[in-house]
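Reviewing the structure listed below.
Protein chains: 2
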Amino acid sequence: MDGKIVNLKSKLEIYKAMTAGANFADCPVRDVMRGINGKWSPLLVMALAEKPYRFGELRRLVPDISQRMLTQTLHELQRDGYVHREVFPTKPPSVEYSLTDLGRSMFHPLYQLVQWAELNHEAVREARATFDAD
Amino acid sequence: MDGKIVNLKSKLEIYKAMTAGANFADCPVRDVMRGINGKWSPLLVMALAEKPYRFGELRRLVPDISQRMLTQTLHELQRDGYVHREVFPTKPPSVEYSLTDLGRSMFHPLYQLVQWAELNHEAVREARATFDAD
DNA sequence: TGTAACGGTCTCAAAAAGAGAGCAGCACTA
DNA sequence: TAGTGCTGCTCTCTTTTTGAGACCGTTACA
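Chains as they are written, first to last, in full-length UniProt numbering: chain V, 1 to 134; chain C, 1 to 134.
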């Protein structure tokens, strides 16, 4: 493995942290990763990293999310402390979602991963084509 | 947002890339993220980043994965080009899984995210406790 | 002869996600 | 003043995904 970037000892520690325990409650890393790892969570965090959005705006922005999953995912992100939800007493009331400091801090490594995906999607595409050809 | 680390222009580009198109086929970034984002994929990539493992070893290492999901996740990781599967003609045949170059390159940003989770799991725990208290 | 390990597949039940109707409150229009 | 639309949801129903666990053929070893 690449020792220049990743030190083996700490890597082993993380790896052990992820595999320790028989259930999620026993493994903090997997517990946190689970909240980040959802189908819609990264997308919404990426969107909110740009600027705060209202419920309806997010819905129009991500046309293929169901209202149910948008509500639910935002609720989970709020619970985990990544997203702040603010209700404005307009008529009808509008609700704005924004990233918290914790959310912005999590955005940085997430962004690295998304950037990797952007740079390497062609390689993944090719790998799939080669694999499916057999 | 933090302009020191993330340039707004490229961030907007990524964000647009993630929200473009009505389905996955139209959005390469989400398409790739989907393969990385599975419930078990990050865990298996972390494990294989340490060293190659055989099927049974992975099963013992991650006791709460079902055999079905282990087979399926490894198959998907192999299809996307992150994992190499090698069969040795022993009796009975043994199968070794290892990370490819693409897999190792993806491991780096993934590791950043896992590291973030390790450093911040206490903050997430607290956020949840506060949220649930209301 | 019987049992165990290897790396799976198959079936069935449970959980999660998607589609879409319904809802209460207010503003605006006809 | 009746109708329509916008807000941010929740509820129900159907489809997809995941989980639990039995089964499988081959081979080694007791």
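Note that the Cβ used here is the ideal one computed from N, Cα and C, for glycine as well.
For a Cβ distance threshold of 9 Å, residue set Pro42, Leu43, Leu113, Val114 and Ala117 of chain C lies close to Met33(V), ordered along the chain. Shown here, Tyr82(C) sits in coil according to DSSP, grouped into three states, outside any helix or strand.
Residues of the region 95-109 of chain C with a C-beta less than 9 Å from any C-beta of chain V: Leu99, Thr100, Leu102, Arg104, Ser105, Met106, Phe107, His108 and Pro109, listed in chain order. The closest CA to that of Glu126(V), considering only Lys51(C), Gly81(C), Val87(C) and Asp31(C), is found on Gly81(C). Look at the region 49-82 of chain V: the residues with a C-beta under 9 Å from a C-beta of chain C are Ala49, Glu50, Lys51, Leu61, Val62, Pro63, Asp64, Gln78, Arg79, Asp80, Gly81 and Tyr82. Look at Ser98(C) here: in three-state DSSP terms it is strand. Shown here, Val124(V) sits in a helix according to DSSP, grouped into three states. Going by beta carbons, Leu43(C) and Tyr53(C) fall outside the 8 Å limit.
Taking 8 Å as the cut-off, the beta carbon of Ala117(C) is found closer than this to the beta carbon of Met33(V). For Ser41(V), the enclosing alpha helix (DSSP H) covers residues Ser41 to Glu50. Cβ atoms of Leu113(C) and Leu113(V) come within 8 Å of each other, at about 6 Å.
The CB of Arg30(V) comes closer than 9 Å to the CB of Pro42, Leu43 and Ala117 in chain C, given here in chain order. Chain V places no beta carbon closer than 8 Å to that of Arg85(C), leaving this residue out of the contacts.
When C-alpha distances from Arg104(C) are compared across Lys39(C), Cys27(C) and Leu48(C), the shortest belongs to Leu48(C). For Val114(C), the secondary structure class from DSSP, reduced to helix, strand or coil, is helix.
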